[in-house]
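Residue numbers (my numbering), protein chains in the order written: chain D, 717 to 1029; chain F, 49 to 102. Just below is one structure, and these are the notes that go with it.
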Amino acid sequence: MSDASIQTTTDTREAGFGDYFALLKPRVMSLVVFTALVGLLVAPVGVHPIVGLASILFIAVGGGASGALNMWWDADIDRKMRRTQSRPIPSGKVTEGEAFAIGMTLSAMAVVMLGLAANLVAAALLAFTIFFYVVIYTMWLKRWTPQNIVIGGAAGAFPPMIGWAVATGGVSIESVLMFALTFAWTPPHFWALALFTKGDYANAGVPMLTVTHGRKATRAHILGYSLVLAVVAIALGLTSIGGPVYMAITLILNGLFIKGAWDVFRRDDAASDADTHTAERGLFKLSLAYLFLHYGALLIEASLKPFGLGGWG
Amino acid sequence: MAIKVDHELHKRRLSRNIGVGVALILFVGLVYGLTVAKVSDIYKPEPTRAEVSQ
C-alpha cells in the first residue's frame, strides 16, 4: 500500500461500538431489565443467581435485538421525525443491512440461550415478544391503525411475564396481571407524550390517535385507559405477590393518575397551548414514576417475606 | 518517517473491535458460569437418611 492510498476523509459509514449499542435502544432495555428482574424476584420459586443473571441478560439482549429490527424497518420514518433523526441509521452511522443482521443474530442467540439457561416456556415467550414487536407492531399495525400504541404496548409488557417464567417455568394470574399493568399503562403514557409533541408523527405519516381522531378523543382515551389501569393495578395487589405496602402505594398513585387524566380530559387545546401543556407534561412525568413505583412496591413486598412481613399474611 | 494513522476512523474501528472483544469475553465467561451452576445443580449430593428423617 502506498502512502497516497491512505484515507484522509472521514467515512461516516464506519460505526463505533456505541453506534451498534444505540441500535439496541438502551433506554427501552433498562425498562425491560427492571420489569423482567422484578418478575423473576417476586416469583415464589428461587433460581441460581448465575441462572437469574444470565436469563435477565438474554431477555435484555432479545429486547434490544427487537429494537434493532424496529430501527431497520422504520428507517424511512425515523429520517422524517425530529425525535428519531439522530438514531444510528438515519444519521448514516450504521447501514440498514447491518441493523438487520445484528437484530436477527442477537434475537436467535437470545432465544436459544434463554432456553438453555432457564426453560423453554421463557424462551418461547421471548421469541413471541420479539415476533410481536417486530412483525405485528412494527411491520403491520404501527402504520395502519391509530390503536398501534395499545397493541404495541403488549410487546413491552411481556418482560415481567418472561422473568416469572424463568423462575416458575409457567404462566399464572400474577404474571398475567403484571403483563396487564404495563399493557394498560402504555397508551395513556404515550398519548400524554403525543399531546405535547405535536406534528412529529403526522409528518412521518404514522396514524397516531391525536392525528386520526383528534386531540379531544385522545384526551378521552387517556381518561378511559387510566380507569382500566387502576382496576388492573388494584387487582394485582390482591394476588399472592401484592400486600399492604403495594396496596397503599397503588391507591395513592392511581388517585393521582386519574386526577391527572381528568385534568387533561377537561382541558381543550387552547388552554393546553396557553400554559405550554403543563397538565399533559405532568401526566407524562407521573406515568414514568407510576410504573417504576408499582414494580418497586412488588419488590418491597417480596423482600419483606423472608422476615414474615409482606404479602397478605 | 512513520505515517501517523491515528485517524478518527481508526478510533471508531478500535472502539468497535474492543467492544466486540469485551462482549465476547463476557459471553464466554457467562456460559462458563452457567455451565458450573447447572452442573452443580444436577450433582447436588443426595440428603442422607438422617437429614431426611429430621
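Each residue gets a CB set at the ideal place from its N, CA and C atoms; glycine is no exception.
Which listed residue (the options) has its alpha carbon closest to that of residue i
i	options	result
Met745 (chain D)	D:Trp880, D:Trp789, D:Phe874	D:Phe874
Thr913 (chain D)	D:Ala896, D:Trp901, D:Arg931, D:Phe899	D:Arg931
Ala838 (chain D)	D:Met963, D:Gly755, D:Asn786	D:Gly755
His937 (chain D)	D:Ile950, D:Gly959, D:Ala900, D:Gly953	D:Ala900
Thr751 (chain D)	D:Glu812, D:Asp989, D:Ala776, D:Gly998	D:Ala776
Thr821 (chain D)	D:Phe774, D:Asp790, D:Leu857	D:Phe774
Thr902 (chain D)	D:Tyr1006, D:Trp788, D:Asp985	D:Tyr1006
Ala833 (chain D)	D:Ser988, D:Ser956, D:Ala770	D:Ala770
Lys975 (chain D)	D:Tyr941, D:Leu952, D:Gly879	D:Tyr941
Val850 (chain D)	D:Trp788, D:Phe981, D:Gly953	D:Trp788
Met877 (chain D)	D:Gln863, D:Ala870, D:Val761, D:Val892	D:Val892
Pro904 (chain D)	D:Ala817, D:Ala933, D:Ser888, D:Asn919	D:Ala933
Asp989 (chain D)	D:Phe895, D:Asp794, D:Leu911, D:Glu890	D:Leu911
Thr83 (chain F)	D:Arg743, D:Ala759, D:Gly762, D:Ile766	D:Ile766
Thr928 (chain D)	D:Glu814, D:Pro862, D:Lys809, D:Ile818	D:Pro862
Ala999 (chain D)	D:Arg935, D:Val828, D:Gly1026	Note that residue 999 (chain D) is Leu in the sequence shown, not Ala. If we check each option's Cα against that of Leu999 (chain D), D:Arg935 comes out closest.
Ala881 (chain D)	D:Leu747, D:Ala759, D:Gly1029	D:Ala759
Gly885 (chain D)	D:Leu753, D:Phe733, D:Val761	D:Val761
Ala1016 (chain D)	D:Gly953, D:His993, D:Pro923, D:Gly971	The question names Ala, but residue 1016 (chain D) is Ile in the sequence shown. With distances taken between Cα atoms, Ile1016 (chain D) lies closest to D:Gly953.
Tyr80 (chain F)	D:Met829, D:Ala824, D:His993	D:Met829
Length of the line joining the Cα atoms of residue i and residue j
i	j	result
Thr726 (chain D)	Tyr917 (chain D)	At Thr726 (chain D) the pLDDT is 48, less than 50, meaning the model places this residue with poor confidence; the figure from the coordinates comes in the next sentence. Straight-line Cα distance between these residues: approximately 33 Å.
Trp978 (chain D)	His764 (chain D)	46 Å
Ala995 (chain D)	Ala908 (chain D)	9 Å
Ala843 (chain D)	Ile867 (chain D)	17 Å
Gly958 (chain D)	Arg64 (chain F)	45 Å
Pro1022 (chain D)	Lys86 (chain F)	25 Å
Ala840 (chain D)	Ile865 (chain D)	23 Å
Val980 (chain D)	Leu897 (chain D)	21 Å
Asp792 (chain D)	Leu72 (chain F)	32 Å
Gly768 (chain D)	Val749 (chain D)	12 Å
Arg859 (chain D)	Asp89 (chain F)	48 Å
Ser956 (chain D)	Asn919 (chain D)	47 Å
Gly69 (chain F)	Ile950 (chain D)	47 Å
Tyr1011 (chain D)	Gly879 (chain D)	13 Å
Ala817 (chain D)	Tyr736 (chain D)	11 Å
Ile66 (chain F)	Lys59 (chain F)	10 Å
Phe906 (chain D)	Arg798 (chain D)	17 Å
Val827 (chain D)	Asp984 (chain D)	47 Å
Phe733 (chain D)	Glu814 (chain D)	13 Å
Arg61 (chain F)	Leu74 (chain F)	20 Å
Thr926 (chain D)	Gly1024 (chain D)	49 Å
Gly831 (chain D)	His993 (chain D)	46 Å
Ala987 (chain D)	Glu890 (chain D)	41 Å
His55 (chain F)	Leu78 (chain F)	35 Å
Phe895 (chain D)	Lys809 (chain D)	35 Å
Leu857 (chain D)	Gly869 (chain D)	12 Å
Leu836 (chain D)	Glu812 (chain D)	31 Å
Leu943 (chain D)	Arg997 (chain D)	19 Å
Lys796 (chain D)	Met963 (chain D)	44 Å
Gly921 (chain D)	Asn786 (chain D)	16 Å
Residue span of the alpha helix (DSSP H) that contains residue i, given as start and end
i	result
Arg743 (chain D)	742–757
Asp984 (chain D)	Careful: Asp984 (chain D) lies outside any alpha helix (DSSP H) and carries neither H nor E.
Asp792 (chain D)	791–794
Val761 (chain D)	First-last for Val761 (chain D): undefined, no H or E at that position.
Gly998 (chain D)	994–1020
Arg931 (chain D)	930–953
Ser891 (chain D)	889–912
Thr821 (chain D)	812–833
Thr845 (chain D)	836–847
Asp735 (chain D)	733–739
Thr854 (chain D)	No alpha helix (DSSP H) contains Thr854 (chain D), which DSSP labels as neither H nor E.
Met877 (chain D)	875–884
Asp916 (chain D)	916–920
8 Å contact criterion, which residue i and residue j should meet: CB distance rounded
i	j	result
Ala1013 (chain D)	Val961 (chain D)	6 Å
Ser782 (chain D)	Ile846 (chain D)	4 Å
Ala1018 (chain D)	Leu757 (chain D)	6 Å
Pro806 (chain D)	Ala731 (chain D)	About 13 Å; that fails the 8 Å criterion.
Gly780 (chain D)	Lys741 (chain D)	6 Å
Leu1009 (chain D)	Leu969 (chain D)	6 Å
Gly819 (chain D)	Ala871 (chain D)	About 14 Å separates the two Cβ atoms, so there is no contact after all.
Leu1033 (chain D)	Phe973 (chain D)	Because chain D here runs from 717 to 1029, residue 1033 (chain D) falls outside it and cannot be looked at.
Asp790 (chain D)	Thr854 (chain D)	6 Å
Leu747 (chain D)	Ile772 (chain D)	So it is not a contact: roughly 13 Å between Cβ atoms.
Gly1029 (chain D)	Leu1020 (chain D)	So it is not a contact: roughly 11 Å between Cβ atoms.
beta-carbon residue i near the ligand PLP non-hydrogen atom, thresh 7 Å
i	result
Asn919 (chain D)	Within the structure as shown, the ligand PLP is missing, as the structure has no ligands at all.
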